[in-house]
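S.K.: Shown below is the structure under consideration.
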Amino acid sequence: MSFDLKTLKKKSASNTKKASGAFSFSLRKKISDKQKENFYRELGLLLKSGVDFKKALEILSNQSTHKNEKEIIISVKTKVSQGRSIYESIKETNQFSPYEYYSIQIGEETRKLEEILHELQKYFNRKIQMQRQIVSVLTYPVIVLIVTFLVLYFMLNKVVPMFSSVFKQFGNELPKSTQIIINLSNNSGKIFSGILLVIIISLIAHYSFKKNIQYRAFITGLILRLPYFGSLIQKIYLSRFCQAMSLLITSRTTLINSLSLTSKMIGFYPIENAIETIKKDITKGASLSESLQKHPVFEAKMVSMIEVSEQVNQLDTMFEKLTEQYNEEVNYQTKMIGVILEPMLIIIIGIIVGIIMVSMYAPMFDLSKIIKN
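With full-length UniProt numbering as the guide, the letters of the sequence shown map in order to residues 1 to 373.
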């Protein structure tokens, strides 16, 4: 989505009616994070340029090339024209998270909507960059694992049976390693079918129970225990936590409300669960740093820095600095994944293929001696 401040297209009433009629159906499709980033950036720029909110939405809807996005913007504009608040109009589209529309509500009430839109654009920009980094880092290992799976399947179903038929002709006793490989080959169909079945069942179970509290607690607990990856995922969500808190506290939202809104958008059970206890502790008179300290998901250095910022009344600034710091750490760790995983995967593949080939060729040397004798 792009716009030109010099190009203002007028919409006809019939086009508006047509778009509104299709609105309820189109809203079933969620707009992407990239579309949201562009929306917040361009809306903020238009408002900063002195364009009023309704005219800004009109410009964005005219310039949008995505049907669903266009209809959402038109719907928001229609509701605002009818006297509804911006916050209510955006909330009723069911396209935006509580974090987004409550932030916009705060922007309306404090007359800092431009700043809020800029912070939301930064939030989605960071989120997208982080997702791209993770995808780029994991692409190579995933491809290698798939190739490994296919190579194993080919060797166990094509190569090993060829050797096995030769061994049967001579009837000699085979080494234990060779017997194991041949048994794996004979049962490879069942093994690969079992693996595929486990993957399918796991995916079905995940989508069935992903909103269950016990399941979420169990899965996130496992994730945090993963070597290296657990630390990386923890920092990703701590970065989101700090960014959300920075935005909300900067907007003069109360600490309790900031925590509540952050809990709704964080999407990570250990932090969500911790926030509920933290809110109760703060209500009883505890400081934020004291409350955070009780939960291991929050790192000690983060708690210490927040404690210092509370003493000088600079929480918003500290959360912004923590966001930048965690983003840098995540960037470094995601780059290191590729550096570490690539050689490890190559070594593992080499070991697997080597074991199979040695197990198959070792009896062949014994057979050659028998033939010579």
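Cβ coordinates follow ideal geometry from the N, Cα and C atoms, glycine included. In this text the structure is predicted, and so the values were computed from the model without any measurement.
Find the nearest neighbour of Y140 within the set I351, L60, K335, judged by alpha-carbon distance.
M.R.: K335
S.K.: Does the pairing of the region 140 to 150 with the region 160 to 175 give three or more beta-carbon distances under 8 angstroms?
M.R.: no
S.K.: Distance check for I346 and G354, CA to CA, integer angstroms please.
M.R.: 12 angstroms
S.K.: By Cβ distance below 8 angstroms, which residues in the same chain neighbour M364 in space, the five residues on each side in sequence not counted?
M.R.: Residues F163, V166 of the same chain have their beta carbon placed closer than 8 angstroms to that of M364, with the five preceding and five following residues left out of the count.
S.K.: Skipping 5 residues on each side, what residues in its chain have a beta carbon closer than 8 angstroms to that of S258?
M.R.: A244, M245, L248, I249
S.K.: Measure the CB-CB distance between L120 and K34 and report whether it falls below 9 angstroms.
M.R.: Taking 9 angstroms as the Cβ cut-off, L120 and K34 do not qualify as a contacting pair.
S.K.: Assign residue 378 to buried or exposed, taking buried as 16 or more other Cβ atoms, counted over all protein chains shown, within 10 Å of its Cβ.
M.R.: Here the chain has residues from 1 to 373 only, and residue 378 is not among them.
S.K.: If you draw a straight line from the alpha carbon of A362 to that of I349, how long is it in whole angstroms?
M.R.: 20 angstroms
S.K.: Are the Cβ atoms of Y102 and L288 separated by less than 9 angstroms?
M.R.: no
S.K.: Would you mind stating whether L57 and I31 have Cβ atoms separated by less than 9 angstroms?
M.R.: no
S.K.: Can you tell me which of the three DSSP states T93 falls into?
M.R.: coil
S.K.: Please confirm whether L184 and V159 have their CB atoms less than 9 angstroms apart.
M.R.: Cβ distance not < 9 angstroms, so L184 and V159 don't count as in contact.
S.K.: So, are the CB atoms of Y40 and F124 less than 9 angstroms apart?
M.R.: yes
S.K.: Can you confirm whether the region 84 to 104 touches the region 204 to 221 when touching is taken to mean that 3 or more C-beta pairs between the two stretches lie within less than 8 angstroms?
M.R.: Judged by pairs of C-beta atoms under 8 angstroms, the region 204 to 221 does not touch the region 84 to 104, as fewer than three such pairs exist.
S.K.: If I follow the unbroken alpha helix (DSSP H) through S75, where does it start and stop?
M.R.: 67 to 81
S.K.: Excluding sequence positions up to five away, which residues of its chain have a Cβ less than 7 angstroms from the Cβ of I282?
M.R.: Correct list, in chain order: L255, I256, L288, S291.
S.K.: Checking 9 angstroms against the spacing of the C-beta atoms, do Y87 and K264 come in under that value?
M.R.: no
S.K.: Could you give the distance in angstroms between the alpha-carbon of E114 and the alpha-carbon of L60?
M.R.: 16 angstroms
S.K.: In the DSSP assignment, the alpha helix (DSSP H) including Y269 goes from what residue to what residue?
M.R.: 269 to 283
S.K.: Can you tell me the Cα-Cα spacing of H295 and V303, whole angstroms?
M.R.: 10 angstroms
S.K.: Assign P227 to one of two classes, buried (16 or more other C-beta atoms within 10 Å of its C-beta) or exposed (fewer than that).
M.R.: Counting Cβ neighbours within 10 Å, P227 comes out exposed, since fewer than 16 surround it.
S.K.: CB K268 to CB R240, shorter than 9 angstroms?
M.R.: Residue identity differs from the one stated: residue 268 is Phe in this sequence, not Lys. Yes, Cβ-Cβ distance for F268 and R240 is below 9 angstroms.
S.K.: Hey, could you find the ends of the alpha helix (DSSP H) Q63 is sitting in?
M.R.: Here the alpha helix (DSSP H) through Q63 covers 53 to 63.
S.K.: Tell me the residue span of the alpha helix (DSSP H) that contains R84.
M.R.: It is not in any alpha helix (DSSP H) - R84 carries neither H nor E in the DSSP assignment.
S.K.: Quick check on S49: does DSSP put it in helix, strand or coil?
M.R.: coil
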